[in-house]
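Q: 2 is the number of the first residue of the sequence shown in our numbering; add one for each residue after it.
Idealized CB from N, CA, C, for every residue including glycine.
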Amino acid sequence: MTTDTIAAIVTALGNAGIGIIRVSGEKSTDVVDRIYRDGKHRRTLKNFPGNTIHYGFIYDGEELVDEVMVSIMKSPASFTTEDTVEVNCHGGVLVMNRILSLILRNGARLAEPGEFTKRAFLNGRIDLSEAEAVMDVISSQNELALKNSLRQLEGAVRNIITDCRKKIIHEIALIESALDDPEHISLEGYPQELGQKLDDLTGRIERLLATAEKGKIIKEGIKTVIVGKPNAGKSSLLNRLAGQERAIVTDIAGTTRDILEENIRLEGINLRVIDTAGIRSTEDVIEKIGVEKARKYSEDADLIIYVVDSSVPLDENDNQIMHMIRNKRCIVLFNKSDLDSRISLEEFRDRLRESQNVDKPEIRILRTSLRENTGIDEFECAIRELFFSGKIETGDEVMITSLRHRKALEEALISLSQVRESLLAGMPEDFYSIDLMGAYASLGRITGEEVEEDLINEIFSEFCMGK
Ligand SMILES: Nc1nc2c(ncn2[C@@H]2O[C@H](COP(=O)(O)OP(=O)(O)OP(=O)(O)O)[C@@H](O)[C@H]2O)c(=O)[nH]1
Ligand SMILES: [Mg+2]
Numbered sequence: 002m003t004t005d006t007i008a009a010i011v012t013a014l015g016n017a018g019i020g021i022i023r024v025s026g027e028k029s030t031d032v033v034d035r036i037y038r039d040g041k042h043r044r045t046l047k048n049f050p051g052n053t054i055h056y057g058f059i060y061d062g063e064e065l066v067d068e069v070m071v072s073i074m075k076s077p078a079s080f081t082t083e084d085t086v087e088v089n090c091h092g093g094v095l096v097m098n099r100i101l102s103l104i105l106r107n108g109a110r111l112a113e114p115g116e117f118t119k120r121a122f123l124n125g126r127i128d129l130s131e132a133e134a135v136m137d138v139i140s141s142q143n144e145l146a147l148k149n150s151l152r153q154l155e156g157a158v159r160n161i162i163t164d165c166r167k168k169i170i171h172e173i174a175l176i177e178s179a180l181d182d183p184e185h186i187s188l189e190g191y192p193q194e195l196g197q198k199l200d201d202l203t204g205r206i207e208r209l210l211a212t213a214e215k216g217k218i219i220k221e222g223i224k225t226v227i228v229g230k231p232n233a234g235k236s237s238l239l240n241r242l243a244g245q246e247r248a249i250v251t252d253i254a255g256t257t258r259d260i261l262e263e264n265i266r267l268e269g270i271n272l273r274v275i276d277t278a279g280i281r282s283t284e285d286v287i288e289k290i291g292v293e294k295a296r297k298y299s300e301d302a303d304l305i306i307y308v309v310d311s312s313v314p315l316d317e318n319d320n321q322i323m324h325m326i327r328n329k330r331c332i333v334l335f336n337k338s339d340l341d342s343r344i345s346l347e348e349f350r351d352r353l354r355e356s357q358n359v360d361k362p363e364i365r366i367l368r369t370s371l372r373e374n375t376g377i378d379e380f381e382c383a384i385r386e387l388f389f390s391g392k393i394e395t396g397d398e399v400m401i402t403s404l405r406h407r408k409a410l411e412e413a414l415i416s417l418s419q420v421r422e423s424l425l426a427g428m429p430e431d432f433y434s435i436d437l438m439g440a441y442a443s444l445g446r447i448t449g450e451e452v453e454e455d456l457i458n459e460i461f462s463e464f465c466m467g468k
């Protein structure tokens, strides 16, 4: 167990009213006491109990550095569970750095990024899913993401996982003791019973896993790519959504060549909208690169918005685009509806069917006019329906937002399905416990009970300094 004392500036490094330097570890009070004096010039910190705050001054030798408030927290009642002292000083970069370096000179070492949270985890105050939630709370970009991170921080994920693990270990223990002591513990009728329990467990894990997609979207936003032929109105759409003239709009086909990204908020969710170069076969070197980029970005988009200029007939380029967006979530906008239409819905659907190789491509087609501002509300509605069945509400369920958690849940499900196979195949009981153990371990990776040190270091190194 590390017992050295660490310190860092925990507030943002910029000029602000107040800045906080946190010191955590056995010697934290000693360290700060060496540079602190109260109003009567006495060093008194060591005499104070936990959960108290004190007015005083920081000195570098005889030189006054700042006027401060110092909070004292005693183990285990602190974020890290260690003795912790926080110096609230004035929030200037210079003064914060000066106090930090004084603290470092007097017996603490600089904390690594995430080290306070890592200690909270290693000291058992929070589990790994809660530690990760700390980072998510800090980086939340919208209210829903924040709400979810807070629920996770409260232990919502941990509670579900711990409960599943408890049930699994109970079965393992039962099987093992029956195998050890067959005279007293009988496994008569047990396979049916286990089958029932597997259903319950699988159901719970599947429900949690089912939140992962929504969770990812709430946390990271919907990666949205606007595609279409040149001059269809793609950049006009981006500008409309952004509420400002972000992209150049002209009537020259091939105006946009590079990709352009804009973060747009739609009632609590983020759309990361990317405008791309119009798709057409071209000999222009720059435009060609732009078209290539458009294809690439479309590949890993969550949502494609295919803007069609409905005042010009479909051509070979449309086939290309339809091919490109196969198997993608897509909304089609028949734009320029203020002009005479040259494309019929049937014709468009026919082509779509051919290129997508499916009978009924489930793609919404909406009419818009970006010139006259019509159809935009319906379009925003369609996005919500596509991702949240109409309402962006998450209720009280907690959502999985981390890819790491998602993988662990998937692995647990695989192990549980192997138990089921062994059951169906009438395998001996010790086969069950091997795979039950596998599921137990996979779930333990979420809470951090079954992780290697390397992974722990990797997770915490993503934290910002001072957290
Ligand atoms: N009549 C009409 N014109 C529109 C509409 N939407 C866009 N336009 C015009 O169509 C032209 C092309 O618009 P852009 O937004 O630049 O089209 P784009 O798809 O980004 O074009 P590229 O960047 O060249 O691929 C501009 O002159 C727009 O003013 C619309 O709904 N109706
Ligand atoms: Mg454009």
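List, from N- to C-terminal side, the beta strand (DSSP E) runs of 3 residues or more that fit wholly inside the segment 341-369.
A: Qualifying beta strand (DSSP E) stretches, in chain order: 365-368.
Q: Using a threshold of 8 Å, state whether the C-beta atoms of A8 and L151 are closer than that.
A: Not closer than 8 Å, so no.
Q: If you drop the 5 nearest sequence neighbours on each side, which residues of the same chain put their C-beta closer than 7 Å to that of T82?
A: Closer than 7 Å at Cβ, skipping near neighbours: S76, A121, N124, R126.
Q: Based on Cα-Cα distance, which residue from R407, P314, D378, L371 lies nearest to N240?
A: Taking only the C-alpha atoms, the option nearest N240 is L371.
Q: Given the structure, does D276 come close to ligand 3, in the sense that its CB is under 7 Å from one of the ligand's heavy atoms?
A: The model on display carries ligand 1 and ligand 2 but not ligand 3.
Q: Return the bridge partner residues of T375 from the DSSP annotation.
A: According to DSSP, which records beta bridges pairwise, T375 is partnered with S370.
Q: Just to confirm, are S443 and E177 a CB contact at a threshold of 8 Å?
A: No, the pair does not count as a contact, with Cβ atoms beyond the cut-off.
Q: Run the proximity test for S299: is its beta-carbon closer than 7 Å to any non-hydrogen atom belonging to ligand 2?
A: No - ligand 2 has no heavy atom lying nearer than 7 Å to the Cβ of S299.
Q: Express the C-alpha separation of R350 and I460 in angstroms, rounding to a whole number.
A: Cα-Cα distance, rounded: 47 Å.
Q: Bridge partners of H55, per DSSP?
A: H55 is bridged to V71.
Q: Going by beta-carbon coordinates alone, are S342 and S312 separated by less than 8 Å?
A: It is a contact, given that the beta carbons lie within the stated cut-off.
Q: Put L267 into one of helix, strand or coil per three-state DSSP.
A: Of the three classes helix, strand and coil, the one that applies to L267 here is strand, per DSSP.
Q: Taking the alpha carbon of E207 as the point to measure from, which residue in A409, R296, N336 has its own alpha carbon closest?
A: Closest option to E207, Cα to Cα, is A409.
Q: Could you tell me the distance, in whole angstroms, from the CA atom of N264 to the CA atom of E64?
A: For N264 and E64, the distance between alpha carbons rounds to 49 Å.
Q: From the DSSP output, in three-state form, read off T256 for me.
A: Coil at T256, not helix or strand.
Q: Give a yes or no on whether the C-beta atoms belonging to I59 and L103 are separated by under 8 Å.
A: Taking 8 Å as the Cβ cut-off, I59 and L103 qualify as a contacting pair.
Q: Using CA atoms only, rank isn't needed, just tell me which of K148, A383, T45 is closest to E363.
A: Comparing Cα positions, the closest option is A383.
Q: Between H324 and L145, what straight-line distance do the alpha-carbon atoms span, to the nearest angstrom?
A: Taking the straight line joining both Cα atoms gives about 35 Å.
Q: Beta strand (DSSP E) containing K468: first to last residue?
A: Per DSSP, K468 belongs to no beta strand (DSSP E) and is neither H nor E.
Q: Going along the chain, which residues of its own chain have a beta-carbon closer than 7 Å to the beta-carbon of G92, five neighbours each way excluded?
A: Hits under 7 Å: T12, N16, A17, G18, I19, G20.
Q: Does the Cβ of H406 have 16 or more other Cβ atoms within 10 Å, making it buried, or fewer, making it exposed?
A: Counting Cβ neighbours within 10 Å, H406 comes out buried, since at least 16 surround it.
Q: Alpha carbons only, please: which of R159, G196, I170 is nearest the one belonging to E422?
A: For the residues R159, G196, I170, the minimum Cα distance to E422 belongs to G196.
Q: Quick one, are the C-beta atoms of T85 and S29 less than 8 Å apart?
A: Yes, the Cβ-Cβ distance between T85 and S29 is below 8 Å.
Q: Please find out if some non-hydrogen atom of ligand 2 comes closer than 7 Å to the beta-carbon of K289.
A: For ligand 2, not one heavy atom lies less than 7 Å from the Cβ of K289.
Q: Please go through the same chain and pick out, in chain order, the residues whose beta-carbon is closer than 6 Å to the beta-carbon of T203, but skip the five residues on each side of it.
A: So the qualifying residues of the chain are L417.
Q: Compute the minimum distance between the beta carbon of V226 and the heavy atoms of ligand 1, and state whether it is under 7 Å.
A: No, the beta carbon of V226 sits no closer than 7 Å to any heavy atom of ligand 1.
Q: Inspect the beta-carbon positions of R430 and L105 and report whether they are closer than 8 Å.
A: Residue identity check: residue 430 is Glu in the sequence provided, not Arg. Not in contact: E430 and L105 (Cβ atoms no closer than 8 Å).
Q: Are T448 and R43 closer than 8 Å when you measure CB to CB?
A: No, the Cβ-Cβ distance between T448 and R43 is not below 8 Å.
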